[in-house]
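Scroll down for the structure; my scribbles are underneath it.
There are 2 protein chains.
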Amino acid sequence: MEKIISSPRNQHVTAALRLRDRRGRDQQGRIIVDGARELLRALQGGIEFLEVFYCSEFGDERECDQVIRALARTPTEILTVTPEIIRRVAYGQRTPALVGIATRPTRRLKDLALSANPLVLVLESVEKPGNVGAAIRTADAAGASAVIVADGHTDLFNPNTSRASLGTVFTHPLGEASSQDTGTWLQEHGIKVFAARVDAEQLYTDQDFTGPVAIVLGSEASGLTPLWHAEDVTPIQLPMLGTADSLNVSAAAAVLLYEARRQRSVGEKT
Amino acid sequence: MEKIISSPRNQHVTAALRLRDRRGRDQQGRIIVDGARELLRALQGGIEFLEVFYCSEFGDERECDQVIRALARTPTEILTVTPEIIRRVAYGQRTPALVGIATRPTRRLKDLALSANPLVLVLESVEKPGNVGAAIRTADAAGASAVIVADGHTDLFNPNTSRASLGTVFTHPLGEASSQDTGTWLQEHGIKVFAARVDAEQLYTDQDFTGPVAIVLGSEASGLTPLWHAEDVTPIQLPMLGTADSLNVSAAAAVLLYEARRQRSVGEKT
């Protein structure tokens, strides 16, 4: 008979709980993923789960079945647990049927495979995990080639990031690096760099985004570091016309990436 | 000597606490606003506060002074309270120095003053208060003439809405109405209506947004109601190229409103 884990002192449970802190994730080198949809995206993105907590009393049945079937083709251990345990292990207020543990993926710049005419989004020191996740979701929808998180303040695999990204943090090509290394990498790949800055004079709509291009966005509070004031970086202005005088980073990413998309598709037609 | 409110049973405190629920807000016909920045925006937007809770131990001093000075020119009662009371009255995890109570503003369509060539954003049945707020912030930045919340599921003055809007919910021209009334109003004002739909065939970039235009966005989960399938409504497609296959409503608003902006500014130059 299948054993159902009901003890909060079970070692799988206590190890999983420690993954709720960044320190625990860093120490164990593991990440924790909540919910059927995010697990599916993670599997789709090549993540191999070490173990998955499962409680049949929650979640969307069809989605759960899909995950369980996908996991059956892997060596992942499925741990059946009581409602109390899944509630304890899960993040935030939702209670998902599935919570997975995996080795933290590495996202090195040198592993990024680029298309011939890449469109890259660079996020420098964006503060909130949710904002990083939302910007990755936007980049995914806009068909960006890759997102590079430069000088990331937040853990890329923070549960808030993956939730706000709708799981695209697992499927979208990503790189993590210092701003310095990111600049060098972009240069080496012949990618023209545009940096959104409030003091820029040239409008984003007057730029040519049809070639290999990177768009750099910084923190809402403090903007970009001086590295992105280099001569080969073109500062661009995204006009803010209202009283709040700012756009959320994922909204700014949406405007700039879709403008690049628009220009590129005009090129395709001619 | 100034009396400092320290009792959680004080009637101002208990009345304020009831405003944390939509039911309480509906019953009292009042709203509650947290934090110096949001209070400033509300004052800027013409909101008259009935009373403001104040605790000098929190918040940004300069911003607080600004609010206190602005309130001194109004009949608003300032209630000095202990840290315990402000923590109790305030929303969420932040502890602001100031929490204000005001009569709920009305936002009727017939009170909207339109420019000669309006650009209107319509949000139909958008589920989360935070998404409504983020879309209003985006519309503000994009210089939209007005935002109409049609068949709103959420309370427009929910604290999550005003926070996500960075307070622009108080300054930006807004209307609340049924979808039916919104459609009629747009027609009466000669505003051409574009509705973002996943099944649309025409790209948003192939449309002419230079005249009086409304852009309608629906709920992420269920899309738009059949009202927006009328003959005089042009369905438009915002291409989704990634795996998640969706854009957050404020990111979609950003792309469409800034495309309208771009087209209109091209017109200005010629």
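In order, the protein sequence lines correspond to chains A and B. Okay, so the first sequence: first residue is 1 according to the working numbering, each after it adds one. Okay, so the second sequence: first residue is 271 according to the working numbering, each after it adds one. Every residue gets a Cβ at the ideal spot worked out from N, C-alpha and C, and that includes glycine.
So the beta strand (DSSP E) residue i belongs to, where does it begin and stop?
{"i": "T326 of chain A", "result": "With chain A running from 1 to 270 in the structure shown, residue 326 of chain A is simply not present."}
{"i": "T80 of chain A", "result": "E77 to T80"}
{"i": "P505 of chain B", "result": "V503 to I506"}
From what residue to what residue does the alpha helix (DSSP H) around residue i run?
{"i": "T454 of chain B", "result": "S449 to E458"}
{"i": "A214 of chain A", "result": "Unbroken run through A214 of chain A is the beta strand (DSSP E), V213 to L217; no alpha helix (DSSP H)."}
{"i": "E394 of chain B", "result": "Note, E394 of chain B: premise wrong, no alpha helix (DSSP H); beta strand (DSSP E) at L389 to E394."}
{"i": "H172 of chain A", "result": "Note, H172 of chain A: premise wrong, no alpha helix (DSSP H); not H, not E."}
{"i": "Q477 of chain B", "result": "First-last for Q477 of chain B: undefined, no H or E at that position."}
{"i": "Q281 of chain B", "result": "Q281 to R288"}
{"i": "V359 of chain B", "result": "P353 to V359"}
{"i": "R378 of chain B", "result": "Careful: R378 of chain B lies outside any alpha helix (DSSP H) and carries neither H nor E."}
{"i": "D330 of chain B", "result": "Counting along the chain, D330 of chain B falls outside any alpha helix (DSSP H), and DSSP gives it neither H nor E."}
{"i": "Q44 of chain A", "result": "A36 to Q44"}
Determine the chain B residues that contact residue i at a beta-carbon separation under 8 Å, and present them in chain order.
{"i": "G211 of chain A", "result": "Within chain B, no residue comes near G211 of chain A; the closest Cβ sits about 19 Å away, beyond 8 Å."}
{"i": "V255 of chain A", "result": "A524, V525 and Y528"}
{"i": "Q44 of chain A", "result": "T513"}
{"i": "R262 of chain A", "result": "T475 and E529"}
Quick check on DSSP: helix, strand or coil for residue i?
{"i": "L277 of chain A", "result": "Given a span of 1 to 270 for chain A in the structure shown, any question on residue 277 of chain A remains unanswerable."}
{"i": "E321 of chain B", "result": "strand"}
{"i": "R300 of chain B", "result": "strand"}
{"i": "A420 of chain B", "result": "strand"}
{"i": "I191 of chain A", "result": "coil"}
{"i": "K128 of chain A", "result": "coil"}
{"i": "G403 of chain B", "result": "helix"}
{"i": "A411 of chain B", "result": "helix"}
{"i": "P116 of chain A", "result": "Rather than Pro, the amino acid found at residue 116 of chain A in this sequence is Ala. Residue state, collapsed to three classes: coil."}
{"i": "A434 of chain B", "result": "helix"}
{"i": "I275 of chain B", "result": "strand"}
{"i": "A521 of chain B", "result": "helix"}
{"i": "G24 of chain A", "result": "helix"}
{"i": "A196 of chain A", "result": "strand"}
Between the Cα of residue i and the Cα atoms of the options, which residue gives the shortest distance?
{"i": "E259 of chain A", "options": "A:S222, A:D208, A:V13 and A:L247", "result": "A:D208"}
{"i": "Y54 of chain A", "options": "A:Q44, A:R30 and A:G100", "result": "A:G100"}
{"i": "E124 of chain A", "options": "A:V266, A:R30 and A:R197", "result": "A:R197"}
{"i": "H459 of chain B", "options": "B:A383, B:V359 and B:D291", "result": "B:A383"}
{"i": "A434 of chain B", "options": "B:I275, B:R343, B:V519 and B:Q281", "result": "B:V519"}
{"i": "A157 of chain A", "options": "A:P129, A:D111, A:G35 and A:T182", "result": "Reading off the sequence, residue 157 of chain A comes out as Phe, not Ala. Checking every option, the nearest Cα to that of F157 of chain A belongs to A:P129."}
{"i": "T225 of chain A", "options": "A:R262, A:V266, A:R73 and A:S178", "result": "A:S178"}
{"i": "L508 of chain B", "options": "A:G92, A:V67 and A:A254", "result": "A:A254"}
{"i": "S562 of chain B", "options": "B:A386, B:Q298 and B:N430", "result": "Outside the shown range of chain B, which is 271 to 540, sits residue 562 of chain B, and nothing can be said about it."}
{"i": "D245 of chain A", "options": "B:M510, B:S489, B:T441 and B:E331", "result": "B:T441"}
{"i": "I356 of chain B", "options": "B:H499, B:P375 and B:S326", "result": "B:S326"}
{"i": "G218 of chain A", "options": "A:T14, A:A150 and A:T205", "result": "A:A150"}
{"i": "A465 of chain B", "options": "B:T431, B:R339, B:T438 and B:E501", "result": "B:E501"}
{"i": "Q66 of chain A", "options": "A:E38, A:I191, A:E77 and A:R137", "result": "A:E38"}
So which residues on chain A does residue i lean against when the C-beta distance must stay under 9 Å?
{"i": "R407 of chain B", "result": "G242, A244, S246, L247, N248 and A251"}
{"i": "G437 of chain B", "result": "T243 and A244"}
Under 9 Å between beta-carbons, which chain B residues line up against residue i? List them in chain order, please.
{"i": "G218 of chain A", "result": "What G218 of chain A touches in chain B: nothing, since even the nearest Cβ is about 16 Å away."}
{"i": "T171 of chain A", "result": "G512, T513 and A514"}
{"i": "R41 of chain A", "result": "T513 and A514"}
Taking Cβ-Cβ distances shorter than 7 Å, what residues in chain A pair up with residue i?
{"i": "D410 of chain B", "result": "G242, T243 and A244"}
{"i": "G413 of chain B", "result": "L241 and G242"}
Using a C-beta to C-beta distance shorter than 7 Å, which residues of chain B count as neighbours of residue i?
{"i": "Q66 of chain A", "result": "Here the premise fails: no neighbours, minimum Cβ distance about 15 Å."}
{"i": "T154 of chain A", "result": "By Cβ distance, chain B contributes nothing, its closest Cβ being about 17 Å from T154 of chain A, past 7 Å."}
Which residues in chain A sit within 8 Å of residue i, going by Cβ to Cβ distance?
{"i": "A404 of chain B", "result": "N248 and A251"}
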